[in-house]
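Right, one structure below, let's go through it.
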Amino acid sequence: MTEFTLLRERMVAEQIEPRGVTDARVLQAMRAVPRERFVDPDYADHAYEDRPLPIAEGQTISQPFIVALMAQAAQIRPTDRVLEIGSGSGYSAAVLSFLAARVWSIERHPKLARMAGSRIAELGRANVTVLRADGTNGWPPAAPFDAIVVTAGGPVVPEPLKQQLSPGGRLIIPVGEHGGVQRLMKVTRASAAEWIEEDLGAVQFVPLVIGQGLNGEA
Ligand code: SAH
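Below, the structure written as structure tokens:
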């Protein structure tokens, strides 16, 4: 075993399983993705620490436990079509690629979207498409989705995301004011016009930017 493989095993055993993520497929996905490849090379030695880390554009790669918690809450089956909003480093999209049939991941920063796409391609994950767009509109061309995972937090649940869930579909999204503590919400589409909300606890994510262009960044 390489040093990183050992660190990854330890991450699962010490940070993730004891906190209640017990889904065997999720734990296997967390063991499968080399997190050190998704952080800045200067941070590679910190990749398996129990915390988020900075990436480009003032964003962060989420804490491993939170990635696992969201993946478990999304109840992803091997045949599922999954949408992620906030590709960031591409790490959580890579984790989701081991759980789902197909993953679409949307990122508003062109540079992050490019980097995430190439890292995922380098790992040979052929079932992931990274798109540069505003994810608050969802991704109508590929809708509906069995699960939608949002890795940035805003004050409201964007309506298009609720509409793009298939019947029985699950939306996992941090909700709260920017800069404050957010609640991780699970919104399940019970029927065409009925959604059931559950509060999974307090979390802290970078802002989900709603309806704002990226002047000069594209
Ligand atoms: N899942 C990521 C963590 C991403 S941090 C990882 O594993 O590394 C959240 C990301 O959401 C940031 O990269 C940010 O640029 C992006 N983001 C914020 N608002 C967005 C929006 N409206 N549409 C798409 N991406 C958005």
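If you're matching positions, the sequence shown starts at 7 in the numbering used here and goes up one per residue.
Glycine residues also receive a C-beta, built at the ideal position from the N, C-alpha and C atoms.
Treat the numbers as computed from the prediction; the structure is a model and nothing was measured.
Take residue 73, set aside five residues on each side of it, and the residues of its chain with a beta-carbon closer than 6 Å to its own are 98 and 101, in chain order. Beyond the five residues adjoining it in sequence on each side, residue 166 comes within less than 6 Å, by CB distance, of 143 and 144 in the same chain, given in chain order. For the pair of segments examined, the stretch 128 to 139 was found not to touch the stretch 162 to 180: the number of CB pairs separated by less than 8 Å stays below three. DSSP places residue 172 in the uninterrupted beta strand (DSSP E) bounded by 171 to 181. Counting along the chain, no alpha helix (DSSP H) covers residue 158, and no H or E run does either. Under the criterion of beta carbons closer than 8 Å, residue 175 and residue 151 qualify as touching, at roughly 6 Å. Going by C-alpha positions, residue 123 is about 33 Å away from residue 202. For the pair residue 153 and residue 91, the CB atoms are not nearer than the 8 Å cut-off. Taking 7 Å as the cut-off, one finds no heavy atom of ligand 1 near enough to the beta carbon of residue 120. In the structure shown, residue 116 adopts helical secondary structure according to DSSP, grouped into three states. The residue among 126, 71, 85 and 177 with its C-alpha nearest the C-alpha of residue 28 is 71. Looking from the CA of residue 217, the closest CA among 114, 173, 17 and 21 belongs to 114. In the DSSP assignment, residue 142 falls outside any beta strand (DSSP E), carrying neither H nor E.
The beta carbon of residue 97 sits closer than 7 Å to at least one heavy atom of ligand 1.
The secondary-structure analysis by DSSP pairs residue 194 across a beta bridge with 176 and 202.
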